[in-house]
Amino acid sequence: MEKNKKIALITGATSGIGESTSYELANQFSLILCGRNTDKLKELEASLSTKTKVKTLQFDVRNQQDVYEKISSLGNDWKNIDVLINNAGNAHGLDFIHEGKIEDWDMMIDTNVKGLLYVSKPVLDIMTKNNCGHIINIGSIAGKELYPKGNIYCASKFAVDAISQGMRIDLNKFNIKVSQINPGLVETNFSMVRFKDDEDKSKSVYHGVDPLVGDDVAKVISYVINCPENVNISDITVLAKSQASSTVVNRG
Ligand code: NDP
Ligand code: 8X3
15 MEKNKKIALI
25 TGATSGIGES
35 TSYELANQFS
45 LILCGRNTDK
55 LKELEASLST
65 KTKVKTLQFD
75 VRNQQDVYEK
85 ISSLGNDWKN
95 IDVLINNAGN
105 AHGLDFIHEG
115 KIEDWDMMID
125 TNVKGLLYVS
135 KPVLDIMTKN
145 NCGHIINIGS
155 IAGKELYPKG
165 NIYCASKFAV
175 DAISQGMRID
185 LNKFNIKVSQ
195 INPGLVETNF
205 SMVRFKDDED
215 KSKSVYHGVD
225 PLVGDDVAKV
235 ISYVINCPEN
245 VNISDITVLA
255 KSQASSTVVN
265 RG
């Protein structure tokens, strides 16, 4: 196993895009894999440890103190994070705004926006000190275009868009690259979470679409990371061939 590989920290590594990205980057990076699900983290560690050094961190991104303590107390072997992939997030519910549930709104703002900031804070302490690094924020087409009932999920991803732009401006003097990747429909556990385990509703999202899968997005993430040092892909939207916009999808 190669020593002194660069270090990538991935949030939401336990499912979907984050899990695919963990596998995609395992040949190139030592990995800090973050998630809530301890069993799944152990499974990933067992599987990926044959390819690279793996450290797992168990936290809910909404718990600021826990996130800060766990990332900032990483030992010398792990603390110099080169690449941060802010991926953890979900949609909760798909309701007209006047019918939306407060707990769904809280979950999306707390996870997708505040959680991303909570993870970024201790990593930025490291990257600004090191005067280098690359932050990849997973936005969404939902952070570029509104769609009916998208309201608060879209708002959370529009916020990610603003945060990515703000990071890019403020971190410019520290030689830190900031990239945002905005996928369209990706078949992961996303819709099961959004529809609270309703399989029929979840499947209908991808019906007739031939959607993206986690591996497609992971390959784009790898491409963005592996551009030459003088190149930064600042913002990239990735859609299935059959998707033209948030609302225009050719279902055959
Ligand atoms: P998944 O549901 O498959 O994965 C989401 C990941 O985020 C899981 O590992 C999940 O962990 C983690 N996560 C969620 N909430 C928290 C939390 N509070 N604390 C820590 N981890 C958490 O969905 P995707 O892979 O599709 O989603 C990944 C990202 O991609 C999200 O930011 C999503 O908004 C974005 N995205 C997804 C698209 C899609 O169509 N699928 C399209 C565009 C963007 P756990 O299993 O413990 O909940
Ligand atoms: C996920 C894509 O269109 O379901 O961010 O909001 S969408």
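In the working numbering, the protein residues as written are 15 to 266.
Don't be surprised by glycine CBs; every beta carbon is placed ideally from N, CA and C.
Reference residue i, options the options, closest by Cα
| i | options | result |
| --- | --- | --- |
| alanine 254 | Thr66, Arg265 and Leu130 | Arg265 |
| asparagine 186 | Lys67, Cys48, Cys146 and Val137 | Cys146 |
| glycine 49 | Ala60, Ala40 and Gln72 | Gln72 |
| glycine 279 | Gly26, Val127 and Met141 | With the chain represented from 15 up to 266, any question about residue 279 goes unanswered, as that position is not in the structure. |
| glutamine 42 | Lys67, Gly153, Tyr161 and Thr25 | Lys67 |
| alanine 232 | Ile21, Val262, Ala27 and Asp91 | Ala27 |
| isoleucine 123 | Cys168, Leu23 and Lys20 | Cys168 |
| valine 252 | Lys115, Asp184 and Gly198 | Gly198 |
| threonine 64 | Ser34, Asn77 and Leu45 | Leu45 |
| lysine 171 | Ile247, Asp109, Asp74 and Ala105 | Ala105 |
| valine 81 | Leu131, Lys191 and Ser248 | Leu131 |
Heavy atom of the ligand NDP within 8 Å of residue i beta-carbon
| i | result |
| --- | --- |
| arginine 182 | no |
| asparagine 101 | yes |
| methionine 141 | no |
| leucine 71 | no |
| glutamate 33 | yes |
| proline 136 | no |
| arginine 50 | yes |
| glutamate 117 | no |
Beta carbon of residue i nearer than 9 Å to that of residue j
| i | j | result |
| --- | --- | --- |
| glycine 30 | phenylalanine 209 | no |
| serine 260 | isoleucine 155 | yes |
| asparagine 196 | glycine 153 | yes |
| glycine 32 | isoleucine 111 | no |
| valine 137 | leucine 47 | no |
| valine 75 | threonine 25 | yes |
| aspartate 230 | valine 200 | yes |
| asparagine 94 | isoleucine 21 | yes |
Alpha-carbon to alpha-carbon, residue j and residue i
| i | j | result |
| --- | --- | --- |
| serine 134 | serine 216 | 31 Å |
| tyrosine 37 | leucine 226 | 17 Å |
| glutamate 113 | glutamate 57 | 39 Å |
| threonine 70 | aspartate 53 | 11 Å |
| methionine 206 | aspartate 212 | 6 Å |
| aspartate 175 | glycine 228 | 21 Å |
| valine 262 | aspartate 120 | 29 Å |
| valine 97 | valine 245 | 15 Å |
| alanine 60 | leucine 39 | 16 Å |
| aspartate 224 | alanine 258 | 13 Å |
| asparagine 18 | methionine 141 | 17 Å |
| isoleucine 177 | histidine 221 | 33 Å |
| histidine 148 | glycine 129 | 18 Å |
| glycine 107 | valine 219 | 13 Å |
| asparagine 90 | leucine 55 | 22 Å |
| valine 234 | lysine 191 | 16 Å |
| isoleucine 247 | isoleucine 150 | 10 Å |
Range of the contiguous beta strand (DSSP E) that encloses residue i
| i | result |
| --- | --- |
| glutamine 72 | 68-72 |
| cysteine 48 | 43-49 |
| glutamine 179 | Unbroken run through glutamine 179 is the alpha helix (DSSP H), 165-184; no beta strand (DSSP E). |
| aspartate 249 | 249-252 |
| isoleucine 150 | 147-152 |
| isoleucine 21 | 20-24 |
| proline 197 | 190-197 |
N- and C-terminal bounds of the alpha helix (DSSP H) containing residue i
| i | result |
| --- | --- |
| threonine 35 | 30-39 |
| threonine 64 | Threonine 64 -> no alpha helix (DSSP H), and no H or E assigned at all. |
| asparagine 144 | 130-144 |
| lysine 215 | 213-219 |
| lysine 233 | 228-239 |
| serine 86 | 78-86 |
| valine 207 | 204-208 |
| isoleucine 95 | It is not in any alpha helix (DSSP H) - isoleucine 95 carries neither H nor E in the DSSP assignment. |
| isoleucine 116 | 116-122 |
Residue i Cβ short of 8 Å to the ligand 8X3 heavy atom set
| i | result |
| --- | --- |
| tyrosine 167 | yes |
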